[in-house]
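Below is one structure; the comments refer to it alone.
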Amino acid sequence: MALSFREERDTFGAIQVPSEKLWGAQTQRSLQNFDIGGPRERMPEPIIRAFGVLKKCAAKVNIHFFTSSALHAAMHHPFLATCCTVTPGLW
């Protein structure tokens, strides 16, 4: 099965990123240019899930107290959905 890629851009130009990955151009360049990402350098999954919970709570507070328009609220809901994906470890 062939990998599919998407094109991401940064100040250095375009770069191909595997479609299933959630990162962008700068992370892809770092992976190609530096020996990073080994098991010793990975953040523990409970920490990642905790950040998901923290960001979800912050987004809910922002929606409740600082939403001035329907468009603004609509921008927060996709972020909440992403937090719900990260929290149980579905990334």
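Per the numbering used here, the sequence shown starts with residue 4, numbered consecutively.
All residues carry an ideal CB built from backbone N, CA and C; glycine is no exception.
| Asked | Found |
| --- | --- |
| Using DSSP with H/G/I as helix, E/B as strand and the rest coil, what is P42? | helix |
| I need the boundaries of the beta strand (DSSP E) containing E11, first residue and last residue. | 8 to 13 |
| Which of helix, strand or coil does DSSP assign to P91? | coil |
| In the DSSP output, what is I18 paired with across the bridge? | E11 |
| Apart from the five residues on each side of it in sequence, which residues of its chain come closer than 6 Å, Cβ to Cβ, to A62? | H79, F82, L83 |
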